[in-house]
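*Asks:* Heads up: the sequence lines are chains X and S, in that order. With the first letter of the first sequence counted as 1, position 323 gets the number 336 in our numbering; the numbers rise by one all the way through. With the first letter of the second sequence counted as 1, position 51 gets the number 64 in our numbering; the numbers rise by one all the way through. Note that CB positions come from ideal geometry on N, CA and C, so glycine has one too. Please find one structure pasted underneath; my questions will follow.
Protein chains: 2
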Amino acid sequence: MAKAAPMSPLAPKSYAQCPPIEGVRFSTAEAGIRYKGRTDVMLALLDKGTQVAGVFTKSKCPSAPVDWCRAKLKGGKARALVVNSGNANAFTGKNGVASTKLTAQLASKATGATANEIFLASTGVIGEPLDATKFEGALDKLVKKAAPEGILEAARAIMTTDTFPKVATATCEIGGVSVTINGMAKGAGMIAPDMATMLSFVFTDAPIAASALQTLLSKSVMGSFNSITVDSDTSTSDTLMLFATGAAAKRGCAKIATATDRRLAAFKKALDGVLLDLAHQVVRDGEGCRKFVEICVEGAASAAAAKKIGLSIANSPLVKTAIAGEDANWGRVVAAVGKAGEKADRDKLAIWFGDFRVANKGLRDLSYDEAKVSAYMKGEKIDLRVNVGVGKASWTVWTCDLTKEYVAINGDYRS
Amino acid sequence: MAKAAPMSPLAPKSYAQCPPIEGVRFSTAEAGIRYKGRTDVMLALLDKGTQVAGVFTKSKCPSAPVDWCRAKLKGGKARALVVNSGNANAFTGKNGVASTKLTAQLASKATGATANEIFLASTGVIGEPLDATKFEGALDKLVKKAAPEGILEAARAIMTTDTFPKVATATCEIGGVSVTINGMAKGAGMIAPDMATMLSFVFTDAPIAASALQTLLSKSVMGSFNSITVDSDTSTSDTLMLFATGAAAKRGCAKIATATDRRLAAFKKALDGVLLDLAHQVVRDGEGCRKFVEICVEGAASAAAAKKIGLSIANSPLVKTAIAGEDANWGRVVAAVGKAGEKADRDKLAIWFGDFRVANKGLRDLSYDEAKVSAYMKGEKIDLRVNVGVGKASWTVWTCDLTKEYVAINGDYRS
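Following this line, the structure appears as structure tokens:
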């Protein structure tokens, strides 16, 4: 943890250039929560009128900030987001609840907003008390220096075992008026989102009401964050929030009240793109990863079945270690399909690595060229396609390989 | 694969001494299916009148021998068991079906039994055609040299990535007459049994009818093989069979027709003991393992919920790597409880490593001595106890740690 890990070989070659969004300002600070010599608290300051939507972990043991956000989301309004790294404030009992309350009070005092408009997230070690008094002086300073350009530094402040900050951007039109979506995410391990990944925050100037925003977000998360896995371990802190400042209305953008509004077509596509980009970056920073793996399951009885089979393959340690070993071990893919518990016709099953069909109609495809497949497996991006032969539904999920480095990273994270 | 791996550090200090069981004889041979210089085929010859029961993988892609055994089990009678290692005959289509048929025909010819009384199992690589003609000469020789003492050698012949042969024995009384139960198992990876482990065969001279035997076996497997996991990957070939020769009847043992017969009390206990012993040996040979981990979940809403939570912890790569790193990282245990999807009261949760309570009432137990817990984590056997605070049900599961060696073993198994 303390020593900087080398950057993931799957990191993007450059960071997305996010244009400033009117109504959103960022700042970061070193609050000394756990790390030395790096930022560990981030403030996003939001103009009055900002609408908010969020999706959170389905864990039965959610963190205190997740409980806080769920409760405050009902108001639909946000003025500030405070996120710290180094401590997840999860499994911290009454102390954790008091800690979120104090943080919100301090942020309320510093920003002039009510505590109900303050959203919180924490990421890091589970079970250690979070000393919120450390935010006391920091929040005033954070408010003073907040600036529209700071999203990349903000993304850096919320990193834990991440090896690179994750940002994404898209611009689209609503009724002829240009709007922007910027997002950030963190996460590298304990990644099997069951509503959202560990932490991701997305901002837009589009004037969209909170209820419509919630519908858009809940839908978009299905094919992005909810379709990735690093290690099958769902976090206690998964949080994805979408903030809409509405500033584009000043430039003539139509105010959108419902998610079914046809003018949202391009926005939906852009939002999907930003979330998928961020979700892929999380996988590309999967602890110890060397390969980015896309798994498409087709011919399934339903989309839900295809997804379950896809995640069964993506979470199989045997499939993941085989890919780490650059071995197109489709026998293990068969086993993972079999254990998923969903309908699959063993005698119609077909499997491809890239364009190479290695199994067909329930047995090895004798025509494939082992040398060519081996060469393909040496690449950084592995496409795995499985047709389970029972229907027409499909789903795509993403994961990374399982390497010795994953074990090393997680064998001494806490100590 | 080819090079012999060092024996698991968790291997038993000595092998169980299994007394011969009347009506069961073993022999082994080198059929050259995949390995060089070691036995790879095992025959268990069973006297006329032997009753049989079995439980098999719930995989939707079962192997050809699993399909064969399921079909033949209806007869309830067995005369021979033929098992090969090196090739699982799974996902081999019509070729696989033909291969099981030919093997049974050859065994029928060699033994004089009907093909319906021949049981088969195969373990090894998935998806490669199994050339059953290799058994042609071998089976005659195997029948000729079969002897009552050969169970340890038989257990050795069915090993794949196993580092030691697994046998267990128990003696008990039925109505005052002594009977014996001997068992063998193989398995080290792809272990998350969903009816039975990869391969396990148990023999007794008790005169118990097939239908009663089936009831006993199905019940006993729940708390043993179905409660272990190495890597969450359920195999295509899981097979557990119980053969009862009935030879003890000649010594005055009562013939048992139903599983509810009260005279079975000691036998049930002995059978449970043999299966649990074998299941533990499979975990103790978990690929790359260094620690044997017992996880007891209590205070759950139901036994099924306790088991699901237990397996969620046991399959969590983060918990397993933490244990490999000798870190009592209970935060990851909380996350694994949370993701299981079963009822758990976060604010009542308590966690123990050995006798050390590290978390209580939803937060860190401030009284525990970190140095003592760290010393405990250096041991070879780790007991993890979790009370989820919602009910009175409990369940125990067993697993091993996840080490770099697991990744190394599985990164180049096939190639």
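For W343/S, which residues in chain X fall below 9 angstroms Cβ to Cβ?
*Replies:* Taking the second sequence and counting its residues from 1, the one referred to as residue 343/S is at position 330. Simply F104, I139, G140.
*Asks:* Against chain X, with Cβ distances strictly below 8 angstroms, would T249/S count as a contact?
*Replies:* The count along the second sequence starts at 1 and reaches residue 249/S at position 236. Chain X contact via Cβ: present.
*Asks:* Could you please tell me which residues of the stretch 365-380 of chain S, in chain order, have their CB closer than 9 angstroms to any CB of chain X?
*Replies:* Answer in chain order: V371, A372, K374, G375, L376, R377.
*Asks:* So if DSSP puts F369/X in a beta bridge, which residue, or which two residues, is it bridged to?
*Replies:* Counted from its first residue, the first sequence places residue 369/X at position 356. According to DSSP, which records beta bridges pairwise, F369/X is partnered with F366/X.
*Asks:* Less than 8 angstroms between the C-beta atoms of S98/X and T105/X, yes or no?
*Replies:* For this step, residue 98/X is matched to residue 85 along the first sequence. For this step, residue 105/X is matched to residue 92 along the first sequence. For S98/X and T105/X, no; Cβs fall outside 8 angstroms.
*Asks:* If we define contact as Cβ-Cβ less than 8 angstroms, is V95/X a contact residue for chain S?
*Replies:* As a first step, residue 95/X must be located in the first sequence, where it is residue number 82. False, the Cβ-Cβ gap to chain S never drops below 8 angstroms.
*Asks:* State the start and end residues of the unbroken alpha helix (DSSP H) segment that holds A77/S.
*Replies:* Numbered from 1 along the second sequence, position 64 holds the residue referred to as residue 77/S. Where A77/S is concerned, the enclosing alpha helix (DSSP H) stretches over 77-85.
*Asks:* Output, in chain order, the set of chain X residues within a Cβ distance shorter than 8 angstroms of R359/S.
*Replies:* Your numbering for residue 359/S matches position 346 in the second sequence. Result: K73, C74, P75, F104.
*Asks:* Considering S191/S, what are the terminal residues of the beta strand (DSSP E) in which it resides?
*Replies:* One-based indexing of the second sequence puts residue 191/S at position 178. Element bounds for S191/S: 190-199.
*Asks:* So which of A349/S, P19/S, A44/S has the shortest CA-CA distance to E149/S?
*Replies:* If you number the second sequence from 1, residue 149/S lands on position 136. Among A349/S, P19/S, A44/S, the Cα nearest to that of E149/S is on A44/S.
*Asks:* Taking its Cβ as the centre, do 16 or more other Cβ atoms sit within 10 Å of P22/S, making it buried, or is it exposed?
*Replies:* As a working mapping, residue 22/S is identified with position 9 in the second sequence. Classification of P22/S: exposed, given that the 10 Å Cβ count is below 16.
*Asks:* What are the uninterrupted segments assigned as alpha helix (DSSP H) that are 4 or more residues long and contained completely in the stretch 265-327 of chain X, given in chain order?
*Replies:* Complete alpha helix (DSSP H) runs here, min 4: 278-297, 316-327.
*Asks:* Say whether chain X places a C-beta atom closer than 8 angstroms to the C-beta of M14/S.
*Replies:* Against the second sequence, residue 14/S aligns to sequence position 1. Any reading at M14/S needs caution, since the residue's pLDDT is 37, under 50, leaving its predicted position unreliable; the model's value is listed next. Answer no: the Cβ-Cβ gap between M14/S and chain X never drops below 8 angstroms.
*Asks:* At 9 angstroms on the CB atoms, spell out the chain S contacts of K147/X, in chain order.
*Replies:* Residue mapping note: residue 147/X aligns to position 134 of the first sequence, counting from 1. Those do not exist, as K147/X stays about 19 angstroms from chain S at its closest Cβ, beyond 9 angstroms.
*Asks:* What does K417/X reach in chain S if we use C-beta pairs closer than 8 angstroms?
*Replies:* Residue mapping note: residue 417/X aligns to position 404 of the first sequence, counting from 1. Within chain S, the residues near K417/X are K417, V420, A421.
*Asks:* Whole-angstrom Cβ separation of A261/S and V192/S, contact assumed at under 8 angstroms?
*Replies:* Reading the second sequence from its first residue, position 248 is the one you call residue 261/S. Reading the second sequence from its first residue, position 179 is the one you call residue 192/S. Going by Cβ atoms, the distance from A261/S to V192/S rounds to 5 angstroms, so yes, they are a contact pair.
*Asks:* For T334/S, which of helix, strand or coil comes out of DSSP?
*Replies:* Sequence index remark: in the second sequence, residue 334/S carries index 321 (1-based). It is helical.
*Asks:* Please report the straight-line C-alpha distance between T184/X and N423/X, rounded to a whole angstrom.
*Replies:* Here residue 184/X is taken as the residue at index 171 of the first sequence, counted from 1. Here residue 423/X is taken as the residue at index 410 of the first sequence, counted from 1. If I take the Cα positions, the gap works out to 38 angstroms.
*Asks:* Taking just the CA atoms, how far does I34/X sit from I194/X?
*Replies:* Within the first sequence, numbered from 1, the residue matching residue 194/X stands at position 181. Within the first sequence, numbered from 1, the residue matching residue 34/X stands at position 21. Between I194/X and I34/X, the C-alpha separation is close to 8 angstroms.
*Asks:* Would you say S334/X reaches chain S, if we count a Cβ-Cβ gap shorter than 8 angstroms as a contact?
*Replies:* Within the first sequence, residue 334/X is the residue found at index 321, counting from 1. Checking the sequence, you will find Thr at residue 334/X rather than Ser. Yes, T334/X lies at the interface with chain S (some Cβ there is under 8 angstroms from its Cβ).
*Asks:* What are the boundary residues of the beta strand (DSSP E) that D230/X is part of?
*Replies:* What you label residue 230/X is simply residue 217 of the first sequence in a count that begins at 1. The sequence given here places Leu at residue 230/X; Asp does not occur at that position. Run containing L230/X: none in the beta strand (DSSP E); it sits in the alpha helix (DSSP H), 223-235.
*Asks:* Let me know the secondary structure DSSP gives R377/S once reduced to three states.
*Replies:* Along the second sequence, one-based indexing puts residue 377/S at 364. Of the three classes helix, strand and coil, the one that applies to R377/S here is strand, per DSSP.
*Asks:* By DSSP, does V386/S sit in helix, in strand, or in coil?
*Replies:* Counting from 1 along the second sequence, the entry for residue 386/S is found at position 373. Here V386/S sits in helix by DSSP.
*Asks:* Mind checking if A134/S is an interface residue toward chain X, Cβ cutoff 8 angstroms exclusive?
*Replies:* On the second sequence, position 121 is the one that residue 134/S refers to. With 8 angstroms as the cut-off, A134/S does not count as an interface residue toward chain X.
*Asks:* Given that P330/X touches chain S, what residues does it touch there, using C-beta distances under 8 angstroms?
*Replies:* Here residue 330/X corresponds to residue number 317 of the first sequence, with the count starting at 1. Per Cβ cutoff of 8 angstroms: D244, S245, D246, P330, L415, Y419, N423.
*Asks:* Comparing alpha-carbon positions, which option in S213/X, F280/X, K199/X, D244/X lies nearest T228/X?
*Replies:* By 1-based counting over the first sequence, the position of residue 228/X is 215. The option with the nearest alpha carbon to T228/X is F280/X.
*Asks:* Quick check on T176/S: does DSSP put it in helix, strand or coil?
*Replies:* In the second sequence, the residue the question calls residue 176/S occupies position 163. Coil.
*Asks:* Between F256/X and A91/X, is the Cβ-Cβ spacing less than 8 angstroms?
*Replies:* In the first sequence, residue 256/X corresponds to position 243, counting from 1. In the first sequence, residue 91/X corresponds to position 78, counting from 1. Contact: yes.
*Asks:* Looking only at C-alpha atoms, which of G301/X, A388/X, M197/X sits nearest to D290/X?
*Replies:* Stepping through the first sequence from its first residue, residue 290/X is reached at position 277. Nearest option by C-alpha distance: M197/X.
*Asks:* Do you know offhand how far G202/X's Cα is from E166/X's?
*Replies:* Here the question's residue 202/X lines up with position 189 in the first sequence. Here the question's residue 166/X lines up with position 153 in the first sequence. Rounded to the nearest angstrom, the two C-alpha atoms are 21 angstroms apart.
*Asks:* Taking 8 angstroms as the cut-off, decide whether the C-beta atoms of W411/S and I241/S are in contact.
*Replies:* Against the second sequence, residue 411/S aligns to sequence position 398. Against the second sequence, residue 241/S aligns to sequence position 228. Yes, the Cβ-Cβ distance between W411/S and I241/S is below 8 angstroms.
*Asks:* Less than 6 angstroms between C-beta atoms, sequence neighbours within five positions excluded: which residues of the same chain meet that for P142/S?
*Replies:* Locating residue 142/S in the second sequence gives position 129, counting from the first residue. The answer, listed in chain order, is T105, N108.
*Asks:* Between which two residues does the alpha helix (DSSP H) carrying L152/S extend?
*Replies:* In the second sequence, the residue the question calls residue 152/S occupies position 139. That run of the alpha helix (DSSP H) goes 149-158.
*Asks:* So for A120/X, helix, strand or coil by DSSP?
*Replies:* Residue mapping note: residue 120/X aligns to position 107 of the first sequence, counting from 1. Helix.
*Asks:* Alpha carbon to alpha carbon, how far is V96/X from T146/X? Give it in angstroms, no decimals.
*Replies:* For the purposes of this step, residue 146/X is taken as the residue at position 133 of the first sequence. For the purposes of this step, residue 96/X is taken as the residue at position 83 of the first sequence. Approximately 14 angstroms between the Cα atoms of the pair.
*Asks:* Compare the beta carbon distance of G344/X and V138/S with 8 angstroms and say whether it is the shorter of the two.
*Replies:* The sequence position of residue 344/X within the first sequence is 331, counting from 1. The sequence position of residue 138/S within the second sequence is 125, counting from 1. Yes, they are a contact pair.
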